[in-house]
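Quick notes on the structure that follows.
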Amino acid sequence: MGAALRIAVLRERARGETRVAATPETVKKFIALGAAVSVEAGAGLSASVADAEYAAMGAEVGDAAAVIASAEIVLGIQGPEVALLAGAAPGAWIIAGHEPFGAGKARVDAYAAAGYEALAMEFMPRITRAQSMDILSSQSNLSGYKAVVDAAGAYGRAFPMMMTAAGTITAARAFIMGVGVAGLQAIATARRLGAQVSATDVRSATREQIMSLGAKPVFVENVAGIEGEGAGGYATEMSPEYQAAQAELVSAHIAKQNIVITTALIPGRAAPRLISDAQIASMKPGSVIFDLAVGAGGNVEGSVADQIVERHGVKIMGYANTPAHLPADASALFARNLYNFLSAFWDKEAGRPVLDAEIGDAVRLTAGGVVVSARLLG
51 MGAALRIAVL RERARGETRV AATPETVKKF IALGAAVSVE AGAGLSASVA DAEYAAMGAE
111 VGDAAAVIAS AEIVLGIQGP EVALLAGAAP GAWIIAGHEP FGAGKARVDA YAAAGYEALA
171 MEFMPRITRA QSMDILSSQS NLSGYKAVVD AAGAYGRAFP MMMTAAGTIT AARAFIMGVG
231 VAGLQAIATA RRLGAQVSAT DVRSATREQI MSLGAKPVFV ENVAGIEGEG AGGYATEMSP
291 EYQAAQAELV SAHIAKQNIV ITTALIPGRA APRLISDAQI ASMKPGSVIF DLAVGAGGNV
351 EGSVADQIVE RHGVKIMGYA NTPAHLPADA SALFARNLYN FLSAFWDKEA GRPVLDAEIG
411 DAVRLTAGGV VVSARLLG
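Letter by letter, the sequence shown follows residues 51 to 428 of my numbering.
Written as structure tokens, this is what we have:
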């Protein structure tokens, strides 16, 4: 067997990105597979991981140039700029969340031109054997939790009902819009905090999930044949008839809510608008809306990433990068997703991962100097 496969982990350079793509746990596991791992100095500091912890697990820690030298696999949270990859092995795999439909499109094109093979973790197919590799699920789970906790912090009242000698405090009413991974965690978190929770989704199959968590389902009725289920379990855009019926239902319900969490995202498109200014105006002053989709254009009219905007006495908030506000846990889960992905395809004889067609073709964006992903070429 030849020299060990070299895996590089660079410090994230995107504004506001606090996560890191490898932890001491996953470094140890990669080395156990037979790989050599190099980590840029300071890569884990914002996620509470010291350089010495990586070194203790067998990683080489150095500057970016030393780390990237001859690297055959580069792991990232967000794809690094091509200039940082100078010195990597020809055809190196760049494995990260690449945002190829948005901010990362030009970077993906640059990877192709440089001959690198970009693998997009957000394109991981929604199949049973890939669940442990799914960064969208692991990061969304934390996002749903964080949205509720921070909305509770911005809300000027308590969440649970409290019975005291001085009188009773009524429970907050929380409404979750969109019941994917983030929405389900938001429901569970709001319930744990003691709120009265309701939820809605365009996919009728989520009704039982909402009820199983002890929340009240709020669904459009009598609009036949619109299930909202797209490929891979994602929501799709709705018909005008459904949108009108949903808007009417939500308008009546939202006026009674204290906390609203919106989670609706459609891959490759701007986030759908769920809440209008008029609906915000119908809410009680002091209410809080957390827009988890603000980084993709926003579900809420007037929401601004990383700012609390007040409209009609209602606080509207949301982060461009919600998982980055829980860097230690988000990094741990993301890093395990990456390890689970590569270890599932590790060929002991070759000393490296060998991808199959089902998952490999789904996540591969570039190869042989060109963009090859059907989702980008279609």
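For every residue, glycine included, the Cβ atom is placed at its ideal position computed from N, Cα and C.
Give the DSSP-derived three-state secondary structure of residue i in the structure shown.
| i | result |
| --- | --- |
| Met-174 | coil |
| Val-364 | strand |
| Pro-267 | strand |
| Gln-259 | helix |
| Ile-57 | strand |
| Val-117 | helix |
| Ser-393 | helix |
| Ser-301 | helix |
| Ala-168 | strand |
| Ile-316 | coil |
| Ala-400 | coil |
| Val-310 | strand |
| Arg-207 | coil |
| Arg-179 | helix |
| Arg-323 | coil |
| Gln-246 | strand |
| Asp-159 | helix |
| Asp-341 | strand |
| Arg-414 | strand |
| Val-350 | strand |
| Val-199 | helix |
Mind reading off the beta-carbon distance from residue i to residue j? Whole number of angstroms is fine, and I expect it under 8 Å.
| i | j | result |
| --- | --- | --- |
| Ala-245 | Ile-309 | 7 Å |
| Ile-144 | Gly-154 | Their Cβ separation, rounded to whole angstroms, is 11 Å, which puts Ile-144 and Gly-154 out of contact at 8 Å. |
| Ile-185 | Phe-395 | No, Ile-185 and Phe-395 are not in contact; Cβ-Cβ is about 16 Å, not under 8 Å. |
| Ala-1 | Thr-416 | Residue 1 lies beyond the range of the chain shown here (51 to 428); nothing can be said about it. |
| Pro-150 | Leu-427 | Their Cβ separation, rounded to whole angstroms, is 11 Å, which puts Pro-150 and Leu-427 out of contact at 8 Å. |
| Ala-72 | Leu-125 | 6 Å |
Out of the options, which one is the CA nearest neighbour of residue i?
| i | options | result |
| --- | --- | --- |
| Gly-368 | Ile-316, Glu-351, Ile-260, Gln-307 | Glu-351 |
| Ala-116 | Met-333, Val-231, Ser-88, Glu-122 | Ser-88 |
| Gly-55 | Leu-427, Leu-426, Gly-418, Glu-399 | A quick correction: the sequence has Leu, not Gly, at residue 55. Of the listed residues, the one whose Cα sits closest to Leu-55 is Glu-399. |
| Thr-372 | Ala-343, Val-422, Asp-397, Ser-393 | Ala-343 |
| Gly-194 | Leu-83, Leu-135, Thr-312, Val-359 | Thr-312 |
| Gly-141 | Gly-336, Ile-123, Lys-334, Glu-131 | Ile-123 |
| Leu-243 | Ala-232, Ser-353, Met-211 | Met-211 |
| Ser-337 | Tyr-389, Thr-218, Arg-223, Asn-387 | Arg-223 |
| Glu-67 | Thr-76, Lys-79, Gly-147 | Gly-147 |
| Ala-302 | Leu-186, Met-171, Ile-330 | Ile-330 |
| Phe-173 | Ala-297, Arg-414, Gly-108 | Arg-414 |
| Ser-120 | Ile-57, Ala-71, Val-231, Gln-189 | Ile-57 |
| Gln-235 | Ala-197, Gly-108, Ala-170, Ala-162 | Ala-197 |
| Val-132 | Leu-60, Thr-178, Ala-97 | Leu-60 |
| Ser-35 | Val-99, Leu-388, Ile-219 | Residue 35 cannot be examined here, being either before or after the span of the chain that is shown, 51 to 428. |
| Leu-299 | Asp-251, Ser-262, Arg-63 | Asp-251 |
| Ala-180 | Leu-427, Gly-230, Leu-426, Asp-406 | Asp-406 |
| Gly-264 | Ser-254, Ala-297, Ile-226 | Ile-226 |
| Pro-335 | Asp-341, Arg-323, Gly-318, Lys-306 | Lys-306 |
| Glu-408 | Gly-418, Asp-341, Thr-178 | Thr-178 |
| Ile-304 | Pro-290, Ile-339, Ser-289, Glu-271 | Ile-339 |
| Pro-290 | Pro-403, Gly-418, Ile-219, Pro-322 | Pro-322 |
Give me the Cα-Cα distance between residue i and residue j, rounded to the nearest whole angstrom.
| i | j | result |
| --- | --- | --- |
| Ile-260 | Lys-266 | 7 Å |
| Ala-85 | Glu-110 | 12 Å |
| Gly-94 | Ala-105 | 12 Å |
| Gly-347 | Ala-320 | 6 Å |
| Phe-209 | Ala-412 | 43 Å |
| Tyr-292 | Ala-328 | 19 Å |
| Tyr-284 | Ile-316 | Residue confidence for Tyr-284 is low, a pLDDT of 49 falling below 50, so the modelled location carries little weight and cannot support an answer. |
| Val-158 | Leu-392 | 21 Å |
| Leu-134 | Ala-162 | 15 Å |
| Val-268 | Lys-365 | 23 Å |
| Ile-237 | Ser-190 | 13 Å |
| Thr-76 | Thr-256 | 34 Å |
| Ser-254 | Gly-230 | 12 Å |
| Gly-228 | Ser-332 | 20 Å |
| Ile-118 | Val-247 | 48 Å |
| Gly-345 | Ala-355 | 6 Å |
| Asp-397 | Gly-92 | 31 Å |
| Glu-62 | Met-107 | 21 Å |
| Asp-200 | Ser-98 | 21 Å |
| Ala-380 | Ala-295 | 37 Å |
| Gly-112 | Glu-360 | 46 Å |
| Ile-127 | Thr-214 | 47 Å |
| Gly-206 | Leu-376 | 23 Å |
| Ala-232 | Ala-53 | 42 Å |
| Val-28 | His-362 | Because the chain in this structure spans residues 51 to 428, residue 28 falls outside the shown range and cannot be described. |
| Ala-429 | Ala-114 | Since the first and last residues shown for the chain are 51 and 428, residue 429 lies out of range. |
| Gly-217 | Thr-239 | 26 Å |
| Val-70 | Ile-219 | 42 Å |
| Lys-78 | Arg-386 | 12 Å |
How about residue i: is its C-beta nearer than 8 Å to some C-beta of chain C?
| i | result |
| --- | --- |
| Leu-186 | Within the model displayed, chain C is absent; a lone protein chain is all it includes. |
Within the region 212-244, ranges of the beta strand (DSSP E) (whole runs, at least 3 residues) = For the region 212-244, whole beta strand (DSSP E) runs of length 3 or above, ordered along the chain, are 212-214, 217-219, 223-227.
Sequence ranges, beta strand (DSSP E) only - wholly within the region 67-149, length at least 3 | Listed in chain order, they are 86-90, 110-112, 123-128, 143-147.
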